[in-house]
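Asker: Handing you a structure now.
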Amino acid sequence: MLKNDLFLRACRGEEVERIPAWYMRQAGRYDPDYRKIKEKHTLLEICKLPELAAEVSLLPVHKLGVDAAILYSDIMNPVASIGIDFDIVKDVGPVIHNPVRSAGDIERLKPIDVERDLSHVLDTIKILRGELTVPLITFAGAPFTLASYIIEGRPSKSYIRTKALMYSEPKIWHNLMGKLADMAATYLRAHIQSGAQAVQLFDSWVGSLAPHDFKEFVLPHVQSIFSSLSDLDTPKIYFPGVSSGELLPHLTDLQANVVGLDWRVPLSEGRRRTGGKFAIQGNLDPYVLTAPSEVIHEHARRLLDDGMKEPGFIFNLGHGLYPEASLEKLKLLTDFVHSYSEEKISSGVKA
Ligand code: CP3
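Following my numbering, the numbering of the sequence shown begins with -1 at its first residue and continues without gaps.
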């Protein structure tokens, strides 16, 4: 049963008693208990064991006191259902056995079948809803970010093959983007029907594009995902990933409730660039967590003072947590965000 709906209210720009916090990649390797589970199971095995996947999703909720849980999964999981074979390789990331590079490869991709291939994900969502007292966020990878893996075949810094296809074969490119957008929309709808209370679309690497190219080659497909879910009033978050500050002014028509910011854009500037139409989520540089607690608090205070100028603020990092992060410092950070914002709001600041 939901006891704490601060996160959902902040997504909708409603008033809150204190600022909600959660962290991208909050279920992961910085937690020794997670590392212990990983000694026995791979990421993909955990995802296929709903009880265990739910347990991993719950670890940070109990240890950190965050205001939302995120499903333990990976953005790559649904692509197996459309015909792409991959593995998550230790210290590398997603590696694709049959990269998608030609018109024929794209033609061969099948529509996603969530019930047939991903029922374990839906089961995990149902278990979590039975256990959680904070809202459950689930997620999907956005078309550009997924394309960057399935075309390159592994993580890339330049996205050279991805951009080569985009610039040289725009028709084939749009066909692929359309298929990945349909996949994400169908997958997220199934999550919501199984109990997800908010969904986040991760577009981690789209900041590698010039704004003009983002608008032409990617944005219509991101838009189609959100507009196809617009009949559902579940809060929707778009995270345009790292270095995406110049893309923000192009997001104003998205039918999403929240935009996530990386640490390069001040929160109020992010609001301004997105036309004040969205709640804002972010954006502590995750590596600030390497500093002493006083320094972490100083950065969090600055973000809270800025983010709380308007209603609709969710405290998060500007990118995912890294394996060396300290559980103790994260707990202190969460407590600080809660106590500082609660005091500020009770003294009359509206947020
Ligand atoms: O946030 C959470 O706690 C939920 C779990 C989650 C994972 N992946 C588990 C995971 C989420 C939300 C993701 C999303 C994801 N996966 C993204 C978008 C978020 C981001 O970081 O921008 C991306 C780009 C991927 C693809 C991916 N998966 C990469 C690049 C890697 C390797 C990089 C790394 O950190 O090692 C993975 C593997 C992965 N997915 C791990 C986890 C906890 C780490 C390896 C492991 O524990 O097996």
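Just so you know, even glycine gets a beta-carbon here, dropped at the ideal spot from N, CA and C.
#1: Any idea what DSSP makes of Asn173, helix, strand or coil?
#2: Mind checking whether the beta-carbon of Asp31 lies closer than 6 Å to any heavy atom of the ligand CP3?
#3: Compute the beta-carbon to beta-carbon distance between Ala138 and Pro76, rounded to the nearest angstrom, for a pair I have assumed lies under 8 Å.
#4: Between Met22 and the ligand CP3, is the CB less than 6 Å from at least one heavy atom?
#5: Between the Cα of Phe5 and the Cα atoms of Phe334, His317 and Phe311, which residue gives the shortest distance?
#6: Under the criterion of a Cβ to heavy atom distance below 6 Å, does Tyr236 qualify as lining the ligand CP3?
#7: What distance in whole Å lies between the Cβ atoms of Ala19 and Asn314, which are believed to be in contact at a cut-off of 8 Å?
#8: Less than 7 Å between the C-beta atoms of Leu57 and Asp83, yes or no?
#9: Terminal residues of the continuous alpha helix (DSSP H) containing Val54?
#10: Quick check on DSSP: helix, strand or coil for Gln417?
#11: How should Tyr165 be labelled, buried or exposed, when 16 other C-beta atoms within 10 angstroms of its C-beta is the threshold for buried?
#12: What did DSSP end up calling Asp115 once you bin it into helix, strand or coil?
#13: DSSP puts Gly350 in a beta bridge; with which residues?
#14: Let's see if you can read the secondary structure: which residues bound the beta strand (DSSP E) around Val256?
#15: From the DSSP secondary-structure annotation, give me the bridge partner or partners of Gly280.
#16: Quick test of the definition: if touching needs 3 or more C-beta pairs under 8 Å, does the region 136 to 150 touch the region 60 to 76?
#17: Measuring only from the beta carbon, is Ala182 closer than 6 Å to any heavy atom that is part of the ligand CP3?
#18: Under the criterion of a Cβ to heavy atom distance below 6 Å, does Asp72 qualify as lining the ligand CP3?
#19: Any heavy atom of the ligand CP3 within a distance shorter than 6 Å of the CB on Phe200?
#20: For the alpha helix (DSSP H) that Gly139 lies in, which residues bound it at each end?
#21: Kindly give me the distance between the Cβ atoms of Pro284 and His336, rounded to whole angstroms, as I take these residues to be in contact under 8 Å.
#22: Does Ile68 come out as helix, strand or coil in the three-state DSSP assignment?
#23: Going along the chain, which residues of its own chain have a beta-carbon closer than 7 Å to the beta-carbon of Leu217, five neighbours each way excluded?
#24: Along the beta strand (DSSP E) that carries Val197, what are the first and last residues, could you check?
#25: Where do the ends of the alpha helix (DSSP H) carrying Ile235 lie?
#26: Closer than 6 Å to a non-hydrogen atom of the ligand CP3 - does that hold for the CB of Leu86?
#27: Buried or exposed for Gly274, going by 16 or more other Cβ atoms inside 10 Å?
#28: Consider the C-beta atom of Arg16 and the heavy atoms of the ligand CP3; say whether any pair is separated by less than 6 Å.
#29: As an exercise, report each continuous alpha helix (DSSP H) stretch of at least 4 residues that is fully enclosed by the region 287 to 332, in chain order.
Answerer: Straight from the coordinates:
#1: As a working note, residue 173 is residue 175 in the sequence shown. Of the three classes helix, strand and coil, the one that applies to Asn173 here is helix, per DSSP.
#2: Against the sequence shown, residue 31 aligns to sequence position 33. Answer for Asp31: no, Cβ out of range of the ligand CP3.
#3: For the purposes of this step, residue 138 is taken as residue 140 along the sequence shown, with counting starting at 1. For the purposes of this step, residue 76 is taken as residue 78 along the sequence shown, with counting starting at 1. Correct: roughly 7 Å between the Cβ atoms.
#4: As a position in the sequence shown, residue 22 is number 24, starting the count at 1. Yes, Cβ of Met22 sits closer than 6 Å to a heavy atom of the ligand CP3.
#5: Within the sequence shown, the letter at position 7 stands for residue 5. Nearest C-alpha to Phe5: Phe311.
#6: Along the sequence shown, one-based indexing puts residue 236 at 238. For the ligand CP3, not one heavy atom lies less than 6 Å from the Cβ of Tyr236.
#7: For this step, residue 314 is matched to residue 316 along the sequence shown. For this step, residue 19 is matched to residue 21 along the sequence shown. That belief holds up - the Cβ atoms of Asn314 and Ala19 are roughly 7 Å apart, short of 8 Å.
#8: On the sequence shown, position 59 is the one that residue 57 refers to. On the sequence shown, position 85 is the one that residue 83 refers to. No; because the gap between Cβ atoms is not below 7 Å, this pair is not in contact.
#9: Locating residue 54 in the sequence shown gives position 56, counting from the first residue. First-last of the alpha helix (DSSP H) with Val54: Pro48 to Leu62.
#10: Given that the chain is displayed from residue -1 to residue 349, the structure contains no residue 417 and the question cannot be resolved.
#11: The count along the sequence shown starts at 1 and reaches residue 165 at position 167. Counting Cβ neighbours within 10 Å, Tyr165 comes out exposed, since fewer than 16 surround it.
#12: On the sequence shown, residue 115 is found 117 positions in, with the first residue counted as 1. For Asp115, the secondary structure class from DSSP, reduced to helix, strand or coil, is helix.
#13: The question about residue 350 has no answer, for the chain in this structure spans -1 to 349.
#14: Residue numbering aside, residue 256 sits at position 258 when the sequence shown is read from its first letter. Its beta strand (DSSP E) spans residues Val256 to Gly258.
#15: As a position in the sequence shown, residue 280 is number 282, starting the count at 1. Gly280 is bridged to Phe313.
#16: yes
#17: Residue numbering aside, residue 182 sits at position 184 when the sequence shown is read from its first letter. False, no ligand heavy atom lies under 6 Å from that Cβ.
#18: Taking the first residue of the sequence shown as position 1, residue 72 is located at position 74. Within the cutoff, so yes.
#19: Residue numbering aside, residue 200 sits at position 202 when the sequence shown is read from its first letter. True, at least one ligand heavy atom lies under 6 Å from that Cβ.
#20: As a position in the sequence shown, residue 139 is number 141, starting the count at 1. Per DSSP, Gly139 lies in no alpha helix (DSSP H); the unbroken beta strand (DSSP E) holding it starts and ends at Leu134 to Gly139.
#21: Against the sequence shown, residue 284 aligns to sequence position 286. Against the sequence shown, residue 336 aligns to sequence position 338. Cβ atoms of Pro284 and His336 stay farther apart than 8 Å, at about 19 Å.
#22: In the sequence shown, counting from the first residue as 1, residue 68 sits at position 70. Under the three-state reduction of DSSP output, Ile68 falls in the strand class.
#23: Along the sequence shown, read from residue 1 onward, the residue named residue 217 stands at position 219. Closer than 7 Å at Cβ, skipping near neighbours: His248.
#24: Mapped onto the sequence shown, residue 197 falls at position 199. That run of the beta strand (DSSP E) goes Ala196 to Phe200.
#25: Counting from one through the sequence shown, the residue named residue 235 turns up at place 237. Per DSSP, Ile235 belongs to no alpha helix (DSSP H); it is in the beta strand (DSSP E), Lys234 to Phe237.
#26: Here residue 86 refers to the residue found at position 88 of the sequence shown. What sits at residue 86 in the sequence shown is Ile, not Leu. It does: the Cβ of Ile86 is within 6 Å (strictly closer) of some heavy atom of the ligand CP3.
#27: Here residue 274 is taken as the residue at index 276 of the sequence shown, counted from 1. Per the 10 Å Cβ criterion, exposed.
#28: By 1-based counting over the sequence shown, the position of residue 16 is 18. Not so, every heavy atom of the ligand CP3 lies at least 6 Å from the Cβ.
#29: Within the region 287 to 332, the runs of alpha helix (DSSP H) at least 4 residues long that lie entirely inside it are, in chain order, 291 to 305.
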